[in-house]
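Have a look at the structure below before the remarks.
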Amino acid sequence: MDPHELNKVLEKPSYMIPTLEEIKNKLNEKKYYSVFDLKDGYYQVGLDEESRNLCKINTPFGCFKFNRLPFGLNIAPEYFQMINTRNFRNIPNTIIYFDDILIATKTEEEHDQIVQQVIERAKEMNIKFNKKKLQYKHKEVKFLGLIFKAEGMTLDQERINAIECLENPQNKSELQRLLGIFNFVRQFIPNYAELTMPLRELLKKNNKFAWMEEHTRVLKKMKEKLTKGPVLANFDIKKKITIQADASKSGIGCCLLQEGKPVSFASRALSEAETRYAQIEKEFLSIVFATTKFHQYIYGFDVEVLTDHKPLVSIMKKEINKIHSSRLQRMRLKLVKYKLNVKYLPGKYMYIADLLSRDYKKNSAEEDKELVEIVHTVSVHARISPDKREEIQRHTQNDEDLQKVMKYIKNGWPKEIKKVEPQLRTYWKIQEELQEIEGIIFKQDQLVVPKTLRKEMMKLLHQPHFGITKTKLRAKEVFYWPFMNNEITLMVENCKLCAKYQPAKQKEPLILHSIPKTPFAKLGMDILEHLKKDYLVIMDYYSKWLEVQYSLRMEYPAKSLQTMFLLDQQNLENLQKSGTSRSTPLVHITRRATDKQRKEFTLQKCYSKKLIIST
11 MDPHELNKVL
21 EKPSYMIPTL
31 EEIKNKLNEK
41 KYYSVFDLKD
51 GYYQVGLDEE
61 SRNLCKINTP
71 FGCFKFNRLP
81 FGLNIAPEYF
91 QMINTRNFRN
101 IPNTIIYFDD
111 ILIATKTEEE
121 HDQIVQQVIE
131 RAKEMNIKFN
141 KKKLQYKHKE
151 VKFLGLIFKA
161 EGMTLDQERI
171 NAIECLENPQ
181 NKSELQRLLG
191 IFNFVRQFIP
201 NYAELTMPLR
211 ELLKKNNKFA
221 WMEEHTRVLK
231 KMKEKLTKGP
241 VLANFDIKKK
251 ITIQADASKS
261 GIGCCLLQEG
271 KPVSFASRAL
281 SEAETRYAQI
291 EKEFLSIVFA
301 TTKFHQYIYG
311 FDVEVLTDHK
321 PLVSIMKKEI
331 NKIHSSRLQR
341 MRLKLVKYKL
351 NVKYLPGKYM
361 YIADLLSRDY
371 KKNSAEEDKE
381 LVEIVHTVSV
391 HARISPDKRE
401 EIQRHTQNDE
411 DLQKVMKYIK
421 NGWPKEIKKV
431 EPQLRTYWKI
441 QEELQEIEGI
451 IFKQDQLVVP
461 KTLRKEMMKL
471 LHQPHFGITK
481 TKLRAKEVFY
491 WPFMNNEITL
501 MVENCKLCAK
511 YQPAKQKEPL
521 ILHSIPKTPF
531 AKLGMDILEH
541 LKKDYLVIMD
551 YYSKWLEVQY
561 SLRMEYPAKS
571 LQTMFLLDQQ
581 NLENLQKSGT
591 SRSTPLVHIT
601 RRATDKQRKE
611 FTLQKCYSKK
621 LIIST
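Counting in the numbering used here, the sequence shown runs from 11 upward without gaps.
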């Protein structure tokens, strides 16, 4: 039967196949194991009449229909898994993986009871087992090409022997198959990525396949490593969970540990964009990667995360809005759903994660698209044209201080500021915000300008001849360098064109007065000149009530002012009594009155008021 055309129209069911990690998680503290294999696999599943009509085969003896599920249908694995899971549901401590049933228990008595339930259920469903492949009540069993036992999971010796018999590949296709075989057992080979690097070089598009003595040595060493593969312990929810995460220049790695024993390893290569991240961002990315890989182990549990990069400890304790770097903020958001306690551990004790980060799996690079988008956003926001970018790259390359900063960004900053060169200590304080993109240094979204370009950039900023404040605001949108504000202030103050056309007398800002809550609690007083006659004008701030006294003799200003105010005193008292205020009113005298007038006129003596001179 050729299922090619039929597969095009079949709808695959959405049914999850259990992963190796999920299976391994269910085997903690299990001591007795049995494995049952369904005989003839798919042929144990019957087809209805409609499905039989679709599964026909032409032979010299006529056309025949399949009565059982044929091999080759793209929906067969999911349906087979779904049907077998349904057939043996409600039986505890059983794991169904296609045509294999794994039984794992803590006690022998419990094991016998479950085996009996499985056999009875198989009789009910008319399911047959393969006697030759039966593994009954063993302390360790072979399952999925691996050995499962109470201590954990290890590699099957038969598989090791088969790999040891592999011959040298003769072309790229054979090499690819060889690496595919090793890829399945990579978690048992220390230094996997480093060992396979020369072999992967042969697979590159422009490289000609030429098997050398060096490649033979690599293959031999990989086979030797397999024989010493570690035992991966079973995960125990009752034990403390520890993660080691680390990053190198080109890879990130992590390890899940319980009581010092490895439960699971993970590593990957950094993408081209990720290799340009600051060291602190790479270290943070390794923690994000670890939580993603070990999600099923750690979600909902308290987890201790060990890192050899001390600044991460303080970043994890900060509120997200107080983290300066937008990239670190994005990473921090991804960790909110986990209960992580990040602790510092010196690098010499981080040998497991450190090894994995340097021995990443080259073919498993998973570029974080969200983080790469931020890189492009920064470049666009800084408004850098291609020509200008090349110029900035060139000047940055020739700037000794920025080259040192770039090395610190890539390799990590010293723990103490006193170990940093004096001229770079300003950068040390903002190290979390710095990143290098395409040979240019950025402070978040601000471009760090080399020394040789700073005067030119300031001239561009001041082209509209804005004032100091506006020029600084324009600069902060796109540029950064130490003491930039001071240099901008000095430049604007010394601008000859600004000094020439700047108004001689600056307009004073309007000072607003507060409005009182009751009438006649606050009064304003001024001298008004109209048609060569002077008037004393008094106004209530609350009600806007106006009192005007005619004919003020300016030759005796203070005396006349007192006299006129006393004339209105009775009126003001009557008005105040009729209002709701009982407090001493405030009186404002404007600057129209001369200094001599204000000095001679003591308002408190004539009427207990509080005097305020205003504009």
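For glycine and all other residues, C-beta sits at the position ideal for the given N, C-alpha and C.
Since the structure is predicted, the reported quantities are computational estimates derived from the model, not experimental observations.
Cβ shell of Ile157 (< 6 Å), same chain only, five flanking positions each side left out: As a first step, residue 157 must be located in the sequence shown, where it is residue number 147. Once the five neighbours on either side are set aside, the close Cβ partners of Ile157 are Glu150, Thr164, Asp166.
How big is the Cα-Cα spacing for Trp221 and Lys420? As a position in the sequence shown, residue 221 is number 211, starting the count at 1. As a position in the sequence shown, residue 420 is number 410, starting the count at 1. Going by the C-alpha atoms only, they are around 35 Å apart.
Excluding five sequence neighbours on each side, which residues of the same chain lie with their C-beta closer than 6 Å to the C-beta of Gln180? The residue you call residue 180 lines up with position 170 of the sequence shown. So no residue of the chain qualifies.
Mind checking which residues open and close the alpha helix (DSSP H) that includes Asp122? Against the sequence shown, residue 122 aligns to sequence position 112. From DSSP, the alpha helix (DSSP H) with Asp122 extends over 118-134.
DSSP puts Arg78 in a beta bridge; with which residues? Residue mapping note: residue 78 aligns to position 68 of the sequence shown, counting from 1. In DSSP, Arg78 forms a bridge with Gly56.
Got a sec, what are the start and stop residues for the alpha helix (DSSP H) Phe192 sits in? Locating residue 192 in the sequence shown gives position 182, counting from the first residue. Segment 182-194, the alpha helix (DSSP H) holding Phe192.
Assigned exposure category for Glu21 - 16 Cβ within 10 Å defines buried: Counting from 1 along the sequence shown, the entry for residue 21 is found at position 11. Exposed, by the Cβ-count rule.
Would you kindly check if the distance between the Cβ of Ile251 and the Cβ of Ile308 is under 8 Å? Counting from 1 along the sequence shown, the entry for residue 308 is found at position 298. Counting from 1 along the sequence shown, the entry for residue 251 is found at position 241. The answer is yes: Cβ separation under 8 Å.
Can you tell me whether His148 is helix, strand or coil according to DSSP? On the sequence shown, residue 148 is found 138 positions in, with the first residue counted as 1. Of the three classes helix, strand and coil, the one that applies to His148 here is strand, per DSSP.
Find out if the Cβ-Cβ distance for the pair Ile170, Leu236 is shorter than 8 Å. Residue mapping note: residue 170 aligns to position 160 of the sequence shown, counting from 1. Residue mapping note: residue 236 aligns to position 226 of the sequence shown, counting from 1. Cβ distance < 8 Å, so Ile170 and Leu236 count as in contact.
According to DSSP, simplified to helix, strand and coil, what is Thr479? Here residue 479 refers to the residue found at position 469 when the sequence shown is read from its first residue. Thr479 falls in the helix class under three-state DSSP.
Give me whichever residues DSSP pairs with Met632 in a beta bridge. No statement about residue 632 is possible, as the shown extent of the chain runs from 11 to 625 and does not include it.
My assumption, with CB atoms under 8 Å, is that Lys182 sits in contact with Leu213. Please give the rounded CB distance. Sequence index remark: in the sequence shown, residue 182 carries index 172 (1-based). Sequence index remark: in the sequence shown, residue 213 carries index 203 (1-based). About 6 Å separates the two Cβ atoms, so the contact holds.
What residues are listed by DSSP as bridge partners for Ser44? Working through the sequence shown from its first residue, we reach residue 44 at position 34. Partner(s): Ile113.
I'd like to know whether the C-beta atoms of Tyr552 and Ala531 end up nearer to each other than 8 Å. Residue mapping note: residue 552 aligns to position 542 of the sequence shown, counting from 1. Residue mapping note: residue 531 aligns to position 521 of the sequence shown, counting from 1. Cβ distance < 8 Å, so Tyr552 and Ala531 count as in contact.
Taking the runs of the alpha helix (DSSP H) that are 4 residues or longer, which of them lie wholly in the stretch 297-363? 305-308, 321-327, 336-344
Apply the 10 Å Cβ neighbour rule to Ala509 and answer buried if 16 or more other Cβ atoms are within range, or exposed otherwise. Taking the sequence shown and counting its residues from 1, one reaches residue 509 at position 499. When all chains shown are included, Ala509 counts as exposed.
Cα-Cα separation, Gln445 to Ala288: Locating residue 445 in the sequence shown gives position 435, where the first residue counts as 1. Locating residue 288 in the sequence shown gives position 278, where the first residue counts as 1. Spanning the two alpha carbons is a distance of roughly 5 Å.
Note down the Cα distance separating Glu118 from Phe304, rounded to an integer number of angstroms. Stepping through the sequence shown from its first residue, residue 118 is reached at position 108. Stepping through the sequence shown from its first residue, residue 304 is reached at position 294. Their Cα atoms are separated by approximately 32 Å.
Assuming contact is defined by CB atoms lying nearer than 8 Å, are Ile124 and Ile111 in contact in what I supplied? Within the sequence shown, numbered from 1, the residue matching residue 124 stands at position 114. Within the sequence shown, numbered from 1, the residue matching residue 111 stands at position 101. Cβ atoms of Ile124 and Ile111: not closer than 8 Å.
Taking the beta strand (DSSP E) that Tyr418 falls in, what are its first and last residues? The sequence position of residue 418 within the sequence shown is 408, counting from 1. Premise fails: Tyr418 lies in the alpha helix (DSSP H), 410-421, not in any beta strand (DSSP E).
Looking at Tyr107 and Leu79, is the spacing between their C-beta atoms short of 8 Å? The residue labelled residue 79 in the question sits at position 69 within the sequence shown. The residue labelled residue 107 in the question sits at position 97 within the sequence shown. Contact flag unset, no.
Asn38 by DSSP, collapsed to three states: which one? Within the sequence shown, the letter at position 28 stands for residue 38. Residue state, collapsed to three classes: coil.
Inter-stretch contact at 8 Å, needing at least 3 Cβ pairs: the stretch 119-139 / the stretch 42-59: yes
Short check: CB of Ala160 to CB of Lys40, under 8 Å? For the purposes of this step, residue 160 is identified with residue 150 of the sequence shown, where counting begins at 1. For the purposes of this step, residue 40 is identified with residue 30 of the sequence shown, where counting begins at 1. Cβ distance < 8 Å, so Ala160 and Lys40 count as in contact.
Please go through the same chain and pick out, in chain order, the residues whose beta-carbon is closer than 7 Å to the beta-carbon of Met494, but skip the five residues on each side of it. The sequence position of residue 494 within the sequence shown is 484, counting from 1. If we look at Met494 and ignore the five residues flanking it on each side, its Cβ neighbours are Ala485.
Helix, strand or coil: how does DSSP classify His225 here? Within the sequence shown, the letter at position 215 stands for residue 225. DSSP places His225 in helix when its eight states are reduced to three.
As assigned by DSSP and simplified to three states, the class of Pro272: Residue numbering aside, residue 272 sits at position 262 when the sequence shown is read from its first letter. Pro272: strand per DSSP, three-state reduction.
Rounded to the nearest angstrom, how far is the Cβ of Lys414 from that of Glu400, given a contact under 8 Å? Numbered from its first residue, the sequence shown carries residue 414 at position 404. Numbered from its first residue, the sequence shown carries residue 400 at position 390. Not confirmed; about 22 Å, so no contact.
Between the CA atoms of Glu174 and Thr69 - distance to the nearest angstrom: What you label residue 69 is simply residue 59 of the sequence shown in a count that begins at 1. What you label residue 174 is simply residue 164 of the sequence shown in a count that begins at 1. So the two alpha carbons sit approximately 43 Å from each other.
Lys215 (DSSP reduced to helix, strand or coil): Translated into positions along the sequence shown, residue 215 becomes position 205. If DSSP states are grouped into helix, strand and coil, Lys215 belongs with coil.
Whole angstroms are fine: how far does the CA of Asn504 sit from the CA of Asp378? The count along the sequence shown starts at 1 and reaches residue 378 at position 368. The count along the sequence shown starts at 1 and reaches residue 504 at position 494. Confidence in Asp378 is poor, its pLDDT being 49 and thus under 50, which makes the residue's placement too unreliable to answer from.
Is the Cβ-Cβ distance between Asn408 and Asn244 less than 8 Å? Locating residue 408 in the sequence shown gives position 398, where the first residue counts as 1. Locating residue 244 in the sequence shown gives position 234, where the first residue counts as 1. No. Outside cutoff.
Would Glu487 pass as a contact of Ser335 if the rule is Cβ separation under 8 Å? The sequence position of residue 487 within the sequence shown is 477, counting from 1. The sequence position of residue 335 within the sequence shown is 325, counting from 1. No.
Compare the beta carbon distance of Ile27 and Gln91 with 8 Å and say whether it is the shorter of the two. Residue mapping note: residue 27 aligns to position 17 of the sequence shown, counting from 1. Residue mapping note: residue 91 aligns to position 81 of the sequence shown, counting from 1. Result yes, Cβ atoms of Ile27 and Gln91 sit closer than 8 Å.
Where Glu539 sits in the DSSP three-state scheme: Translated into the one-based positions of the sequence shown, residue 539 becomes position 529. Strand.
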